[in-house]
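Shown next, in structure tokens, is the structure this report addresses.
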Amino acid sequence: MEAEYVLLELNGLFTYTYSLTAGTALCRAQPQNWTSIMWNASEERPFAWDRENYVSCHDPNNNAPLKWPEVPYQILGGRTANKVIFNQRNGIYIFFISVVDPYYSYCHLETTFSVYVYGAFPLPFSHSAIITTLLVVATLLSVWLAYMVPKLLHMEQGHRFRGFWVGLCRRCRQSCACFR
């Protein structure tokens, strides 16, 4: 679409961002965004960002200084190649779209549509630090057991320890039919 338009996710899912910032969109003034529009909106029209109140940040007559060049540029279409970038989330997004370009149409062009985003890989379940820690602990425990078990088996406590396990195995074999 050649006209400038804006999107707003209606269910409050803000797991998306824009590809351009105000600085990379070459704005001369601070661009409008949904936060500033909703702050000044009335209760009967909370999504009142349209062709009547839109002020382009590329307009030479716009005197608002560019204070925050790193803020996301929320206007799509028009002279910029701005895009919506979805995060690592599969799901349905329901967007409100409003054409804000005053030269595109004299009508209020707005609608609601949905986008199904899929193909995001699941986030890794375990972190590498946890895996490394568990691996180191298991290795140290194995080395300690490899040292202590033979040492204990040659002592009197080791004979009792070994006798306990031998007796337990013998009782299991007698009570379990699968070993007969």
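Quick note on full-length UniProt numbering: the sequence shown kicks off at 1 and runs consecutively.
From the three backbone atoms N, C-alpha and C, an ideal C-beta is built for every residue, glycine too.
For I92 and T112, the gap between their C-alpha atoms comes out near 13 Å.
Counted as a single uninterrupted DSSP element, the alpha helix (DSSP H) harbouring S36 occupies residues W34 to N40. Taking a 10 Å sphere around the C-beta of A22, we find 16 or more other C-beta atoms and assign the residue as buried. DSSP lists F95 as the beta-bridge partner residues of E9. Taking a C-beta distance under 7 Å as the contact criterion, G77 and A25 do not qualify as a contact pair. Taken through DSSP and simplified to helix, strand or coil, E110 comes out as strand.
Annotation: V149 to Y16 spans about 57 Å, alpha carbon to alpha carbon. For G78, no beta strand (DSSP E) segment is defined, and its DSSP state is neither H nor E. For T133, the secondary structure class from DSSP, reduced to helix, strand or coil, is helix.
Judged by beta-carbon spacing, S19 lies within the 7 Å limit of N82, meaning their Cβ atoms are closer than that value. The three-state secondary structure of T17, taken from DSSP, is strand. With contacts defined by Cβ atoms closer than 7 Å, L10 and F96 form a contacting pair.
In terms of Cα proximity to L66, the closest of I85, C27 and F161 is C27. Judged by pairs of C-beta atoms under 8 Å, the region 48-56 touches the region 104-119, as three or more such pairs exist. With fewer than 16 neighbouring CB atoms inside 10 Å of its own CB, Y147 falls in the exposed class. Put simply, the backbone Cα of V166 is about 50 Å away from that of F121. Cβ-Cβ distances below 6 Å link V84 to Y16 in the same chain, with the five nearest sequence neighbours on each side left out; the list follows chain order.
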